[in-house]
DNA sequence: TTGACATATTCCCACATGGGAATATGATCA
DNA sequence: TGATCATATTCCCATGTGGGAATATGTCAA
């Protein structure tokens with residue numbers, strides 16, 4: 000059995016670094032294919048193929064407008080990946096909690112990017 | 000250029016479902032190879048090969064003891080993956096933040112034990 | 001030492017891959 | 001209509017792949 004197809008699931012789709020780059024670039028703001036190619040230094044067919052894979056697992060959404068095709072990251076599709084990582088988060092979340100608590104005690108300081116998760120407290 | 004090697008980085012290593020299964024199984028508690036094979040229904044050479052990949056990217060740690068080799072997940076190696084997902088988390092974290100804030104406002108209540116599996120319900 | 005056990009490695013192979021290049025499809029404009 | 005722009009698809013190919021089977025390495029027990 001060879002390696003699973005890139006369109007099998009989100010895990011396989013994001014294994015490719017260029018596709019991760021595309022997802023970050025398309026984060027929140029939709030862009031036409033040409034812009035992606037320019038911004039990431041790829042040629043157009045490569046971008047189209049990568050987008051095809053990402054679309055296959057729901058990681059991007061498409062909007063057609065005339066001869067342009069706008070793509071945009073669908074962050075919802077990344078949730079399973081995020082939640083899978085949370086399985087292990089408790090091992091390192093203690094630090095984050097500490098950082099967060101310090102930041103909250105001193106508002107005005109640079110806050111952490113975000114902190115939505117309470118940690119589980121460990122079974123060592 | 001073919002697909003990047005599985006040992007290129009954590010993203011490629013965890014693309015394989017069996018390897019994710021192994022990481023979950025080895026979470027926190029070390030196990031010999033035979034136990035992994037039994038638990039996941041794989042044959043021993045397959046497990047050894049998967050472990051070799053995981054070791055190649057630092058996702059498991061090894062301890063030898065006689066003829067046994069104990070493996071254990073190294074969750075620290077998953078942090079880059081976790082943090083990459085955080086890039087997009089803001090789109091779905093609003094729910095979690097709201098839950099957390101409510102819990103913090105009522106400290107006598109039972110705090111949420113853990114927030115790893117928020118409900119799946121629709122995005123508004 | 002020999003034999004049993006635990007793990008790692010090697011060999012084989014069908015197969016999906018990503019890049020390059022060329023081409024096809026589709027939409028707009030003159 | 002034809003020409004041009006934007007994107008998608010096809011063809012080719014070197015390469016890493018995961019599984020199975022067989023074998024090698026290493027360790028303990030008698």
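Protein chains in written order, with the working numbering: chain A, 0 to 123; chain B, 0 to 123. C-beta: ideal position from N, C-alpha, C; glycine also.
Residues sharing a beta bridge with residue i, DSSP
{"i": "residue 74/B", "result": "In DSSP, residue 74/B forms no bridge with anything."}
{"i": "residue 64/B", "result": "67/B"}
Local conformation of residue i per DSSP, three classes
{"i": "residue 2/B", "result": "coil"}
{"i": "residue 56/A", "result": "coil"}
{"i": "residue 29/A", "result": "coil"}
{"i": "residue 114/A", "result": "Because residue 114/A sits at a pLDDT of 33, beneath the cut-off of 50, its placement in the model cannot be relied upon, and the point is left open."}
{"i": "residue 91/B", "result": "coil"}
{"i": "residue 120/A", "result": "Confidence in residue 120/A is poor, its pLDDT being 28 and thus under 50, which makes the residue's placement unreliable; the coordinate value appears in the next sentence. Here residue 120/A sits in coil by DSSP."}
{"i": "residue 106/B", "result": "Low local confidence applies: a pLDDT of 48 at residue 106/B is under 50, so the model's placement there is unreliable, with the coordinate-based value given in what follows. Coil."}
Contact set for residue i: own chain, Cβ-Cβ below 7 Å, skip 5 residues either direction
{"i": "residue 117/A", "result": "For residue 117/A, the predicted structure reports a pLDDT of 33, less than 50, and the residue's modelled location is therefore unreliable. The matter cannot be settled from this model."}
{"i": "residue 79/B", "result": "9"}
{"i": "residue 36/A", "result": "42, 43 and 46"}
{"i": "residue 12/B", "result": "5, 6, 18, 52, 53, 56 and 58"}
{"i": "residue 20/B", "result": "39"}
{"i": "residue 76/A", "result": "9, 56, 57 and 58"}
Start and end residues, alpha helix (DSSP H) containing residue i
{"i": "residue 22/B", "result": "16 to 24"}
{"i": "residue 35/A", "result": "32 to 39"}
{"i": "residue 11/A", "result": "9 to 12"}
Residue j beta carbon less than 8 Å from that of residue i
{"i": "residue 24/B", "j": "residue 14/B", "result": "no"}
{"i": "residue 72/A", "j": "residue 50/A", "result": "no"}
{"i": "residue 74/A", "j": "residue 83/B", "result": "no"}
{"i": "residue 69/A", "j": "residue 31/A", "result": "yes"}
{"i": "residue 6/A", "j": "residue 55/A", "result": "yes"}
{"i": "residue 53/B", "j": "residue 18/B", "result": "yes"}
{"i": "residue 29/A", "j": "residue 62/A", "result": "yes"}
Own chain, CB closer than 6 Å to residue i, minus 5 neighbours either side, in chain order
{"i": "residue 4/A", "result": "none"}
{"i": "residue 60/A", "result": "71 and 73"}
{"i": "residue 67/A", "result": "31"}
{"i": "residue 22/A", "result": "72"}
{"i": "residue 85/A", "result": "none"}
{"i": "residue 33/B", "result": "none"}
8 Å CB neighbourhood of residue i in its chain, flanking five on each side removed
{"i": "residue 26/A", "result": "72 and 74"}
{"i": "residue 0/B", "result": "none"}
{"i": "residue 16/B", "result": "none"}
Cβ-heavy atom distance, residue i to the ligand NAD, below 7 Å
{"i": "residue 42/B", "result": "Looking for the ligand NAD in the displayed structure turns up nothing, as the structure carries no ligands at all."}
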